[in-house]
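Those protein sequences? They're chains Y and W, same order as listed. The opening residue of the first sequence carries number 1 in this note's numbering; numbering runs sequentially from there. The opening residue of the second sequence carries number 1 in this note's numbering; numbering runs sequentially from there. Where is the CB? At the ideal position from N, CA and C, for every residue including glycine. Computed from a prediction, not measured in an experiment: that's the story for all the values here.
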Amino acid sequence: MNAPVPIPAPLGLLAELTHRCPLGCPYCSNPLALDSRADEIDTATWARVFKEAAALGVLQVHLSGGEPAARRDLADIVKAAREANLYSNLITSAVGLTPQTLAALAEAGLDHVQISIQDSEEKSADHIAGYDGASARKRSLAAEVVKLGLPLTVNMVVHRANIARIEPMVELALSLGAARVEIAHVQYYGWALKNRAALMPSREQVERAVREVEALRAKHRGRIVIDAVVPDYYARFPKPCVGGWGRRSLNVTPAGRVLPCHAAEVIPGLEFWNVREHSLAEIWRASPAFMAFRGTDWMQEPCKSCERREQDFGGCRCQAFLIAGDARAADPVCHLSPQHGLVERLAAVRHDAPYSYRHS
Amino acid sequence: MSEIADSALPRLPRGVRLTHNEAQGGWLLLAPERVFKADAVSAEILKRCTGEATLAAIVDDLAKTFNAPRERIHSDVVKLLGGLVEKKLLELA
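Structure (structure tokens):
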């Protein structure tokens, strides 16, 4: 018998308040089957979840969606996070969030705002978002965030249509007054997987983008922090997905299901528990989905004997299932995976088909 | 080492918070997408960075509360706060 895996204390909670969103971004990380408004958990349940999360060790809550501002009770939700002593981060499209609501959120104790921007060129940005005028609204709300004295992060998702404009995108973030910018290459799950051939950049484009980010970091040191999410189809080693399954973070869906990561529902056979029926502590400790890939006992070769197994935890379980067809396999983006050739072939499939926009 | 004037008013900027969490084993400084563990000494210093007390007053208070030499406290405080200013985790008003 193996010794039981010690249960770590989570640090972060991704609270998907709603799947409703005015934008249609073709790389949206929400699942293809969206939770409906009627199934959303209420304010009091979120308040309880936040208290239970803080007791488990969670320090930061990321209020996300969909578009969190689609919820009329957003200020009460922010207040509940503050009362639970959590650091709150609003992840917003900025469309549908009025300056009045933003001021109410600041008043309720919001700590940080992250606004997504689709491109430095407005026309392209609106095309990617599937929403005319989105870009102008985002820029004007960013100014409101700065005016209120809240720290601002700009999140820019990078793919074939905008990868040539990393520098103007960082310049835009600077001009908006952001203290931090995320250059996040698309990760292929949910809607992004559906649109992979239309989004996927070439290896040369990715390598140039990585060099550009390095140069921009040096150029803007002390003015803006540039964080980058690397494009893993072209990587040698997999990303340590969610910092290890059931190890650092958890995700609550709009309907209250608790997932080890936002994409976990694609893996067949996993049993997720719901905050309507269980406490967060029970779910974190004992729900079958969290137990499934916690620690290293579930691993097969080449992960099982790999010296990096406690470093990248075999990569992403969802990607292992989606590409290799087995959630216990090594993430096939790893060059040690016997299925690595598949990833290279999939990355080579690139054609400019119209986006399949998500719809709420 | 950066110098900090005795009259400076150190404070945590909006978006940076000192918090205590039992399950994480103590005091932590929280910032956008970042978490720093704060040991007991750092926590005592940061609790006093309210923007209302001058550096000199903070050092006096710590020296009195912990019955420690003022010189040593001053150098510990300046070292900690100087590092935090560089990381934009502290403002000097």
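Nearest-angstrom Cα distance between residue i and residue j?
i	j	result
leucine 172/Y	isoleucine 117/Y	9 Å
cysteine 8/Y	arginine 247/Y	A small correction: the amino acid at residue 8/Y is proline; cysteine does not occupy that position in the sequence shown. Their backbone Cα atoms lie some 6 Å apart in a straight line.
arginine 223/Y	glutamine 300/Y	45 Å
arginine 196/Y	tyrosine 357/Y	12 Å
leucine 280/Y	proline 288/Y	13 Å
glycine 314/Y	serine 305/Y	11 Å
isoleucine 54/Y	glycine 26/W	What sits at residue 54/Y in the sequence shown is alanine, not isoleucine. Using only the alpha carbons, I get a separation of about 13 Å.
cysteine 334/Y	isoleucine 267/Y	19 Å
alanine 286/Y	isoleucine 41/Y	22 Å
aspartate 39/W	leucine 30/W	14 Å
cysteine 316/Y	valine 35/W	24 Å
alanine 104/Y	aspartate 232/Y	39 Å
leucine 150/Y	alanine 106/Y	8 Å
alanine 94/Y	glutamate 67/Y	8 Å
leucine 193/Y	tyrosine 27/Y	8 Å
leucine 74/Y	isoleucine 45/W	34 Å
glutamate 3/W	valine 181/Y	30 Å
aspartate 76/Y	valine 49/Y	14 Å
leucine 13/Y	leucine 141/Y	25 Å
glutamine 311/Y	serine 202/Y	27 Å
glutamate 344/Y	threonine 98/Y	44 Å
leucine 259/Y	leucine 32/Y	16 Å
leucine 110/Y	glutamate 144/Y	14 Å
histidine 359/Y	glycine 130/Y	10 Å
aspartate 60/W	arginine 72/W	11 Å
alanine 47/Y	alanine 15/Y	11 Å
methionine 1/Y	phenylalanine 272/Y	With a pLDDT of only 46 at methionine 1/Y, under the threshold of 50, the placement of this residue in the model should not be trusted; the figure read from the coordinates follows. Approximately 26 Å, taken between the alpha carbons.
leucine 34/Y	cysteine 241/Y	23 Å
leucine 363/Y	glutamine 205/Y	Look at the range of chain Y in this structure, 1 to 360, and you will see that residue 363/Y is not part of it.
leucine 250/Y	leucine 62/W	39 Å
isoleucine 163/Y	valine 154/Y	16 Å
arginine 14/W	alanine 178/Y	14 Å
arginine 48/W	proline 69/W	18 Å
alanine 108/Y	arginine 71/Y	15 Å
cysteine 261/Y	arginine 208/Y	30 Å
glycine 369/Y	leucine 102/Y	In the structure as shown, chain Y begins at 1 and stops at 360. Residue 369/Y is therefore absent and cannot be evaluated.
alanine 320/Y	lysine 79/W	47 Å
leucine 91/W	arginine 17/W	Strictly speaking, residue 91/W in this sequence is glutamate, with leucine absent from that position. Whole-angstrom Cα-Cα distance: 13 Å.
proline 32/W	leucine 56/Y	20 Å
proline 350/Y	arginine 257/Y	Residue identity differs from the one stated: residue 350/Y is arginine in this sequence, not proline. In a straight line, the C-alpha of arginine 350/Y is about 35 Å away from that of arginine 257/Y.
serine 36/Y	glycine 65/Y	12 Å
glutamate 265/Y	glycine 24/Y	21 Å
isoleucine 226/Y	tryptophan 191/Y	26 Å
Within 10 angstroms of its Cβ, does residue i collect 16 or more other Cβ (buried), or is it exposed?
i	result
serine 175/Y	exposed
lysine 138/Y	buried
lysine 219/Y	exposed
methionine 1/W	The pLDDT assigned to methionine 1/W is 48, lower than 50, so where the model puts this residue is not dependable; a value taken from the coordinates is nonetheless given after this. So methionine 1/W counts as exposed.
lysine 64/W	exposed
serine 75/W	exposed
alanine 136/Y	exposed
arginine 211/Y	exposed
aspartate 39/Y	exposed
alanine 324/Y	buried
proline 10/Y	buried
asparagine 126/W	This structure cannot speak to residue 126/W, because chain W is shown only from 1 to 93.
serine 42/W	buried
glutamate 86/W	exposed
glutamate 52/Y	buried
lysine 79/Y	buried
arginine 20/Y	buried
glutamine 187/Y	buried
May I ask you to list the residues that DSSP assigns as paired with residue i?
i	result
histidine 185/Y	Val158/Y
glutamate 16/Y	Ser64/Y
glutamate 91/W	Arg11/W
arginine 180/Y	Thr153/Y, Val225/Y
threonine 50/W	Arg11/W
Determine whether the Cβ of residue i lies closer than 8 Å to any Cβ atom of chain C.
i	result
arginine 180/Y	In the structure shown, chain C cannot be found, because the protein chains are Y and W.
Confirm the yes/no value for this check: CB of residue i, any heavy atom of the ligand MG, distance under 7 Å.
i	result
proline 69/W	Within the structure as shown, the ligand MG is missing, as the structure has no ligands at all.
Next on the checklist: Restricting to runs no shorter than 4 residues, where is the alpha helix (DSSP H) found entirely within the region 35-67 of chain Y?
Outcome noted: The alpha helix (DSSP H) runs of length 4 or more contained entirely in the region 35-67 of chain Y are, from start to end of the chain, 43-56.
Next on the checklist: Pairs of beta-carbons, one from the region 7-14 of chain W and one from the region 45-54 of chain W, closer than 8 Å: are there three or more?
Outcome noted: Two segments are said to touch when three or more pairs of C-beta atoms, one from each, lie closer than 8 Å; by this definition the region 7-14 of chain W touches the region 45-54 of chain W.
Item to check | Contact the region 82-93 of chain Y vs the region 50-68 of chain Y: 3+ CB pairs below 8 Å | outcome: Taking 8 Å as the limit for Cβ pairs, the verdict is that the region 50-68 of chain Y does touch the region 82-93 of chain Y.
Next on the checklist: Check whether the region 311-330 of chain Y and the region 339-350 of chain Y are in contact - that is, three or more C-beta pairs closer than 8 Å.
Outcome noted: Between the region 311-330 of chain Y and the region 339-350 of chain Y, the count of C-beta pairs closer than 8 Å reaches three or more; the two stretches touch.
Checklist entry - Whole alpha helix (DSSP H) runs in the region 79-166 of chain Y with 4 or more residues, listed along the chain? => result Those alpha helix (DSSP H) runs which fall completely within the region 79-166 of chain Y and span 4+ residues are 99-107, 122-129, 134-147.
Checklist entry - What runs of the beta strand (DSSP E), each 3 residues or longer, lie entirely inside the region 17-47 of chain W? => result Whole beta strand (DSSP E) segments, 3+ residues: 17-21, 26-31, 34-38.
Next on the checklist: My parser needs the beta strand (DSSP E) runs of 3 or more residues fully inside the region 210-273 of chain Y; what are they?
Outcome noted: Those beta strand (DSSP E) runs which fall completely within the region 210-273 of chain Y and span 3+ residues are 225-229, 249-252.
Next on the checklist: With a threshold of 8 Å, are at least 3 pairs of Cβ atoms found where one atom belongs to the region 197-212 of chain Y and the other to the region 159-168 of chain Y?
Outcome noted: At 8 Å Cβ cutoff, the stretches touch.
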